[in-house]
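Peer 1:
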Amino acid sequence: MLIDECYNLDENNFANSKTALTRVSLECTLKYVVENTNKPNGKPIKTSNHFNLAFKDRKGNPLTFTNFEVLKTKFTELITDVGIKKAFENFDIQNPHQIIHNYHVAAVPANAKALCDNLIDLIEFMLQDETDLLNSLDLTQL
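For the sequence shown, our numbering assigns the number 68 to the initial residue and increments by one for each residue that follows.
#1: How would you write the range of the alpha helix (DSSP H) that Y99 sits in, first residue to last?
#2: Excluding the 5 residues preceding and the 5 following D188 in the sequence, name in chain order all residues of the same chain whose CB lies nearer than 6 angstroms to its CB.
#3: Assuming A179 and K85 form a contact by the criterion Cβ under 8 angstroms, report the distance between their Cβ atoms to the nearest whole angstrom.
#4: Give me, in chain order, the residues of the same chain whose beta-carbon lies closer than 8 angstroms to that of H117; leave out the 5 immediate sequence neighbours on both sides.
#5: Quick check: I160 and E136, are their CB atoms within less than 9 angstroms of each other?
#6: Taking the alpha helix (DSSP H) that L201 belongs to, which residues open and close that run?
#7: Cα separation between N83 and F132?
#8: For L186, which option in D77, R90, N75, N80 has the closest C-alpha, if you only look at C-alpha atoms?
#9: Going by DSSP, what residues sit across from P111 in a beta bridge?
#10: Measuring only the C-alpha atoms, how far is F192 from C95?
#11: State yes or no: is the C-beta of Q165 within less than 9 angstroms of the C-beta of V172?
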């Protein structure tokens with residue numbers, strides 16, 4: 068399981084790798100949840116206009132990639148629990164992006180560990196029972 072690999076990776080010797088796996092773990096889980104969680108009407112929440120810019124350009128054409136910055140922001144907007152919402156808002160995916168794609172930037176072991184440690188609450192929230200998850204989201208925005 069990807070999350071086990073992420074948590075078991077030694078941040079002192081593999082800080083960049085731990086940072087990369089943390090971001091990938093969040094993105095994979097988030098995309099899975101948005102694509103596979105159904106609204107009360109049975110349609111996936113992904114089909115809501117709320118998530119359009121994560122999957123389509125401004126003209127409505129499908130993107131060849133998922134815009135995870137937008138996806139995370141739009142998902143976070145739906146969360147009703149203030150503590151969980153803050154945890155999502157504070158989980159920065161741009162800093163890991165720079166570390167992953169810019170060889171001039173390196174991860175600090177303590178930051179890699181902290182980023183990874185903060186991931187578990189987010190994943191637990193996203194992977195809770197679907198009914199509980201839906202009850203934790205403001206569905207009026209969908």
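For glycine and all other residues, C-beta sits at the position ideal for the given N, C-alpha and C.
Peer 2: Quick answer:
#1: For Y99, the enclosing alpha helix (DSSP H) covers residues 82–103.
#2: Correct list, in chain order: A154.
#3: Correct: roughly 4 angstroms between the Cβ atoms.
#4: Non-local C-beta neighbours of H117 in its own chain, meaning closer than 8 angstroms and more than five positions away in sequence, comprise K141, E144, L145, Q208, L209, ordered along the chain.
#5: The Cβ atoms of I160 and E136 lie closer than 9 angstroms to each other.
#6: Segment 197–202, the alpha helix (DSSP H) holding L201.
#7: Computed Cα separation, rounded: 23 angstroms.
#8: Answer by Cα proximity: R90.
#9: N105.
#10: Roughly 14 angstroms between the two C-alpha positions.
#11: In contact: Q165 and V172 (Cβ atoms closer than 9 angstroms).
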